[in-house]
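Numbering (the working numbering), first residue to last: 1 to 350. Ideal Cβ positions, reconstructed from N, Cα and C, are used throughout, including at glycine. In what follows, a single structure is set out as structure tokens and then discussed.
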């Protein structure tokens, strides 16, 4: 009876923990959804304001807001996909859809930045009168909405997507403040050239945001090692785990932004699985704590398995084989050669 009580209590604790995590994820998803729709509304307001006031700076700020819409949309999408189960066709789930969308949006933002710069050049040559009052009104609304979004998202700054969304909103506040300052200068001096100059500054901000977005999306699609991780350092840390004698065929990549994965071969002594499980747990714990890698696939090999040509992408007896090539020839060696060996052994036994 006492053991039953312990089991029930442990079950309640686990359920409570899951409920807490689910509640936190739900709040995060709701905050991102609210931020997305508010930012989309702000985009519409600034576009309308820019058209009515003939202000390229305000339209440029609207384009900058578009980067926030993309960021919040991707963060919301990632939060929703985290709860969507994988299936036999897409074993990693649907996380990469958001990365493809980010790549397309990054290219679109580059085109927008170029278009803004070209229009600003035309307006510098032939200044267009603008309506400062409309510019100020629309920009102040944008500032208010962004500040509310920042306040709404502030409770979960441990989430990387939330943190990135807050930074995007702060950047847009700065751009909107620039529009207000420019509108005030225009109202006081009638210097119409201020509007295209501010537009160029915002276009530069958009270009930097687009470049960062394209770089991150490309790195993920190419399955590059995350920029804050050193693969040799990870290998050295794994070697500090008691029982690990060597590491090779090491790959570290991201399935989506912040969702990291690792695979490697770890050479250990010739021991039974019950003992190697402890080593596996230590490696997994190390990767979670130090590198935030929660999805790790580690193939344990004994030191008697060194000459395993045909079964590993690395060359046999390759002491420094951290990064082993993946080629069709390796796959052929890995799958067809063992069958041939098996057939030969079968014939020999017969």
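If I'm right that residue i touches residue j with Cβ under 8 Å, what's the distance once you round it to whole angstroms?
i: residue 297; j: residue 263; result: 4 Å
i: residue 185; j: residue 166; result: Not really, about 29 Å apart at Cβ, beyond 8 Å.
i: residue 74; j: residue 98; result: 5 Å
i: residue 60; j: residue 116; result: 5 Å
i: residue 152; j: residue 35; result: 6 Å
i: residue 136; j: residue 183; result: 5 Å
i: residue 213; j: residue 102; result: 6 Å
i: residue 229; j: residue 252; result: 6 Å
i: residue 78; j: residue 95; result: 7 Å
i: residue 293; j: residue 287; result: 4 Å
i: residue 269; j: residue 302; result: 7 Å
If you follow the beta strand (DSSP E) that residue i is in, where does it begin and where does it stop?
i: residue 247; result: 244-256
i: residue 262; result: 259-268
Between the Cα of residue i and the Cα atoms of the options, which residue gives the shortest distance?
i: residue 247; options: 259, 210, 300; result: 300
i: residue 283; options: 173, 251, 242, 170; result: 242
i: residue 197; options: 179, 188, 304, 105; result: 179
i: residue 55; options: 119, 275, 97; result: 119
i: residue 127; options: 239, 176, 199; result: 199
i: residue 81; options: 275, 93, 103; result: 93
i: residue 41; options: 65, 32, 51; result: 65
i: residue 245; options: 276, 169, 96, 57; result: 276
i: residue 205; options: 57, 227, 281; result: 57
i: residue 107; options: 218, 251, 177, 135; result: 218
i: residue 170; options: 292, 181, 145; result: 145
i: residue 203; options: 175, 279, 249, 292; result: 175
i: residue 122; options: 105, 68, 195; result: 195
i: residue 168; options: 47, 285, 293, 69; result: 69
i: residue 222; options: 250, 189, 256; result: 256
i: residue 76; options: 302, 30, 189, 293; result: 30
i: residue 266; options: 258, 260, 249; result: 249
i: residue 216; options: 259, 192, 272, 187; result: 259
i: residue 227; options: 271, 191, 254; result: 254
i: residue 271; options: 304, 281, 293, 173; result: 304
i: residue 67; options: 105, 187, 286; result: 105
i: residue 46; options: 172, 286, 192; result: 172
i: residue 43; options: 191, 63, 53; result: 63
i: residue 192; options: 53, 37, 295, 38; result: 53
i: residue 39; options: 295, 148, 85, 273; result: 148
i: residue 177; options: 37, 154, 201, 291; result: 201
The alpha helix (DSSP H) with residue i in it runs from where to where?
i: residue 75; result: 56-81
i: residue 118; result: 95-125
i: residue 275; result: 273-291
i: residue 208; result: 194-221
i: residue 89; result: Looking at the DSSP string, residue 89 is not in any alpha helix (DSSP H), and its letter there is neither H nor E.
i: residue 239; result: 231-239
i: residue 137; result: 132-153
DSSP puts residue i in a beta bridge; with which residues?
i: residue 297; result: 263
i: residue 302; result: 268
Please confirm if residue i has its CB atom under 8 Å from at least one CB of chain D.
i: residue 123; result: Chain labels in this structure do not include chain D; a single protein chain is all it has.
Okay, do the segment 79-99 and the segment 228-238 touch, 3+ Cβ pairs below 8 Å being the bar?
no
Do the segment 103-117 and the segment 140-149 make contact, defined as three or more Cβ pairs closer than 8 Å?
no
When you compare the segment 125-138 with the segment 202-210, are there three or more beta-carbon pairs, one atom per stretch, that lie closer than 8 Å?
no
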